[in-house]
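J.: Numbering (the numbering used here), first residue to last: 261 to 669.
Structure in structure tokens, see below.
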């Protein structure tokens with residue numbers, strides 16, 4: 261997500277190793293309208309990336325923009341929207357746990373005068389779209405000043421929960437009370453609304469910042485006993501969040517699906533023979549303490565959407581090598597595999613030559629369609645679907661989405 265977002269970090273992570281970013285992909289449509297496949301789009305609210313287009317719009321303007329995104333998704337024969345409802349430890353619904361998002365009114369905690377998540381669920385369903393509520397578990401703010409948070413913000417009331425790192429504020433994943441709180445805050449939305457899915461992005465422990473240390477010494481001293489090292493303890497903290505969220509979602513609203521869209525490289529083969537044939541500058545297992553491969557193999561997730569935001573042939577992380585690696589990980593598991601696609605790169609002059617070609621994303625779907633484990637694609641992000649700068653989305657629709665398709669269950 262451009263400016264401050266997860267996707268920007270995914271790009272930066274690879275750029276840390278090499279100068280260029282890469283693409284992503286997945287399956288083509290495998291038959292008539294009866295075949296199910298994921299055709300999704302992310303609607304990012306952080307930093308007003310996709311929606312609302314800026315803070316301070318009226319309720320009617322915000323609603324109209326949201327409905328336009330839903331109409332655009334339906335018009336492109338997509339079937340699922342991933343709507344970011346908790347971008348920075350805040351809420352796009354009337355939450356008893358956290359303040360209204362600043363991205364609505366410009367001031368965190370101010371009531372926007374309507375219910376975005378409630379409206380989104382109702383209007384998505386009216387258009388035949390599924391809606392997955394997208395949460396960021398631990399990010400508090402994209403700045404490092406707690407005094408800028410709403411006075412009633414839980415991070416101000418519990419300052420010992422907060423870690424400053426990389427110019428941002430994060431909840432400390434190593435504190436059991438933090439984990440319980442963020443689960444409660446997210447599950448409130450699931451209890452209130454008939455969402456079709458619960459979705460996390462790629463932020464667990466934060467992406468590494470050179471020369472800085474994530475200060476969780478006190479939490480490690482108190483809770484890290486019995487682990488061989490801090491990294492193993494941190495991975496267990498994230499494992500607990502994932503397992504507990506999966507269990508609680510099913511308890512609160514049976515039938516709702518739970519999935520995660522991690523950065524696309526678990527580990528490089530040079531680090532671990534089980535890893536992918538990549539040379540990424542970030543590996544989720546080691547740097548974000550997110551054992552994404554384990555989550556799939558253990559069946560903790562209903563689906564996973566690795567962000568394969570690189571083009572076919574990209575040296576550090578080749579889409580054509582990552583798709584079969586992830587297909588092999590998903591093979592025999594109960595976790596469905598979709599592929600996160602970097603539509604936002606198509607036609608961006610700052611991107612490699614492959615991204616200047618209208619057909620790059622369509623080729624992704626063709627390639628991914630050779631792997632039965634790939635059950636669909638999700639596109640980043642909504643404003644890029646709407647703009648379709650060089651017609652890459654229109655090409656995908658023409659080549660692969662000739663008929664409607666229901667999302668997988």
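Positions of the beta carbon are idealized from the N, C-alpha and C atoms, including for glycine.
1. Could you give the C-beta distance for residue 606 and residue 650, rounded to a whole number, given that I count them as a contact under 8 angstroms?
2. CB-CB under 6 angstroms to residue 310, same chain, minus the five flanking residues each way: which ones, in chain order?
3. With residue 525 and residue 543 assumed to form a contact (beta carbons below 8 angstroms), what rounded beta-carbon distance in angstroms separates them?
4. Assuming residue 441 is part of the alpha helix (DSSP H), what are its boundary residues?
5. Restricting to runs no shorter than 4 residues, where is the alpha helix (DSSP H) found entirely within the segment 576-608?
6. From the DSSP output, in three-state form, read off residue 634 for me.
7. For the beta strand (DSSP E) that residue 346 lies in, which residues bound it at each end?
8. Can you tell me the Cα-Cα spacing of residue 370 and residue 498, whole angstroms?
9. Go ahead and pull the three-state DSSP assignment for residue 364.
10. Helix, strand or coil: how does DSSP classify residue 355 here?
11. Run the CB neighbour count on residue 367, radius 10 Å, all protein chains shown included, and call it buried at 16 or more, exposed below.
12. Bridge partners for residue 424 per DSSP, in chain order?
13. What distance in whole Å lies between the Cβ atoms of residue 395 and residue 329, which are believed to be in contact at a cut-off of 8 angstroms?
14. Between residue 315 and the rest of its own chain, which residues show a CB-CB distance below 7 angstroms, the 5 nearest in sequence each way excluded?
15. Within the same chain, show all residues whose beta-carbon is closer than 8 angstroms to that of residue 357, passing over the 5 residues directly before and after it, in chain order.
16. Let me know the secondary structure DSSP gives residue 329 once reduced to three states.
17. In this structure, how does DSSP classify residue 497 when only helix, strand and coil are distinguished?
18. Hey, which unbroken runs of the beta strand (DSSP E) at 3 residues or more fall wholly within the segment 381-420?
19. Could you give the first and the last residue of the continuous beta strand (DSSP E) run that contains residue 615?
20. Going along the chain, which residues of its own chain have a beta-carbon closer than 6 angstroms to the beta-carbon of residue 293, five neighbours each way excluded?
21. Hey, is the segment 418-425 in contact with the segment 334-348, meaning 3+ C-beta pairs nearer than 8 angstroms?
22. With burial defined as no fewer than 16 other Cβ atoms inside 10 Å of the residue's Cβ, what is the status of residue 321: buried or exposed?
23. Report buried or exposed for residue 419, applying the criterion of at least 16 other Cβ atoms within 10 angstroms of its Cβ.
24. Could you give the DSSP three-state label for residue 669: helix, strand or coil?
25. If we count the other Cβ atoms within 10 Å of its Cβ and call it buried at 16 or more, is residue 658 buried or exposed?
26. Kindly confirm or deny that the segment 508-515 and the segment 568-575 touch, where touching means at least three C-beta pairs closer than 8 angstroms.
27. Mind pulling the beta strand (DSSP E) runs of 3 or more residues that sit fully within the segment 505-549?
28. Can you tell me which of 558, 380 and 631 puts its alpha carbon nearest to the alpha carbon of residue 455?
29. With C-beta atoms as the reference, is residue 323 less than 8 angstroms away from residue 299?
30. Closer than 7 angstroms by C-beta to residue 594: which residues in its own chain qualify, once you throw out the five before and the five after it? Chain order, please.
31. May I have the straight-line CA-CA distance separating residue 535 from residue 373, to the nearest angstrom?
32. Apart from the five residues on each side of it in sequence, which residues of its chain come closer than 6 angstroms, Cβ to Cβ, to residue 555?
33. Run through the DSSP bridge pairs and tell me what residue 298 is partnered with.
34. From 575, 479 and 466, pick the residue whose C-alpha is nearest to that of residue 545; which is it?
T.: In this structure, then:
1. On the chain shown, position 346 is the one that residue 606 refers to. On the chain shown, position 390 is the one that residue 650 refers to. Residue 606 to residue 650, Cβ: 6 angstroms. Contact.
2. In the chain shown, residue 310 corresponds to position 50, counting from 1. Taking residue 310 as the centre and dropping the five residues before and after it, the same chain places the C-beta of 303, 304, 641, 642 and 643 closer than 6 angstroms to its C-beta, in chain order.
3. Within the chain shown, the letter at position 265 stands for residue 525. Within the chain shown, the letter at position 283 stands for residue 543. 6 angstroms between Cβ atoms; contact.
4. Your numbering for residue 441 matches position 181 in the chain shown. Residue 441 -> alpha helix (DSSP H) spans 436-452.
5. Runs of the alpha helix (DSSP H) inside the segment 576-608: 579-590.
6. The residue labelled residue 634 in the question sits at position 374 within the chain shown. Three-state result, residue 634: strand.
7. Indexing the chain shown from 1 puts residue 346 at position 86. For residue 346, the uninterrupted beta strand (DSSP E) run begins and ends at 340-346, by DSSP.
8. Indexing the chain shown from 1 puts residue 370 at position 110. Indexing the chain shown from 1 puts residue 498 at position 238. When only Cα atoms are considered, residue 370 and residue 498 end up about 32 angstroms apart.
9. Taking the first residue of the chain shown as 1, we reach residue 364 at position 104. Assignment of residue 364 by DSSP, reduced to helix, strand and coil, places it in the helix class.
10. As a working mapping, residue 355 is identified with position 95 in the chain shown. DSSP, read as helix, strand or coil, puts residue 355 in coil.
11. On the chain shown, residue 367 is found 107 positions in, with the first residue counted as 1. Note on residue 367: under 16 other CB atoms within 10 angstroms of its CB, so exposed under the neighbour-count rule.
12. For the purposes of this step, residue 424 is taken as residue 164 along the chain shown, with counting starting at 1. 429.
13. Sequence index remark: in the chain shown, residue 329 carries index 69 (1-based). Sequence index remark: in the chain shown, residue 395 carries index 135 (1-based). About 19 angstroms separates the two Cβ atoms, so there is no contact after all.
14. Counting from 1 along the chain shown, the entry for residue 315 is found at position 55. Cβ within range, chain order: 308, 362, 363, 364, 365 and 366.
15. Counted from its first residue, the chain shown places residue 357 at position 97. Closer than 8 angstroms at the Cβ level, and outside the excluded window around residue 357, lie 351, 414, 441, 444, 445 and 448.
16. Within the chain shown, the letter at position 69 stands for residue 329. The answer is helix: DSSP assigns residue 329 an H, G or I state.
17. By one-based count along the chain shown, residue 497 stands at place 237. In the three-state reduction of the DSSP assignment, residue 497 falls in the helix class, which pools H, G and I.
18. Within the segment 381-420, the complete beta strand (DSSP E) runs of at least 3 residues fall at 390-395 and 399-401.
19. Counting from one through the chain shown, the residue named residue 615 turns up at place 355. It is not in any beta strand (DSSP E) - residue 615 carries neither H nor E in the DSSP assignment.
20. Position 33 of the chain shown holds residue 293. Note that residue 293 scores 49 on pLDDT, short of 50, meaning its location in the model is unreliable and no value can be drawn from it.
21. The segment 418-425 makes no contact with the segment 334-348, as fewer than three CB pairs between them are under 8 angstroms.
22. Counting from one through the chain shown, the residue named residue 321 turns up at place 61. Per the 10 Å Cβ criterion, exposed.
23. For the purposes of this step, residue 419 is taken as residue 159 along the chain shown, with counting starting at 1. With fewer than 16 Cβ atoms within 10 Å of its Cβ, residue 419 is classed as exposed.
24. Your numbering for residue 669 matches position 409 in the chain shown. It is coil, neither helix nor strand.
25. Reading the chain shown from its first residue, position 398 is the one you call residue 658. That one is exposed.
26. As far as the Cβ criterion goes, the segment 508-515 does not touch the segment 568-575, which means the pair count is below three.
27. Fully enclosed beta strand (DSSP E) runs of 3 or longer: 517-520.
28. Translated into positions along the chain shown, residue 455 becomes position 195. Checked all of 558, 380 and 631; the closest Cα to residue 455 is 380.
29. By one-based count along the chain shown, residue 323 stands at place 63. By one-based count along the chain shown, residue 299 stands at place 39. Taking 8 angstroms as the cut-off, the beta carbon of residue 323 is found no closer than this to the beta carbon of residue 299.
30. For the purposes of this step, residue 594 is taken as the residue at position 334 of the chain shown. Annotation for residue 594: 559 place their beta carbon closer than 7 angstroms to its own, counting only its chain and skipping 5 residues before and after.
31. In the chain shown, residue 535 corresponds to position 275, counting from 1. In the chain shown, residue 373 corresponds to position 113, counting from 1. Roughly 48 angstroms separates the two Cα atoms.
32. Numbered from 1 along the chain shown, position 295 holds the residue referred to as residue 555. Taken in chain order, the residues that qualify are 502 and 561.
33. Walking along the chain shown from the start, residue 298 turns up at place 38. BP columns for residue 298 point to 636.
34. Numbered from 1 along the chain shown, position 285 holds the residue referred to as residue 545. Of the candidates 575, 479 and 466, the one whose C-alpha sits nearest the C-alpha of residue 545 is 466.
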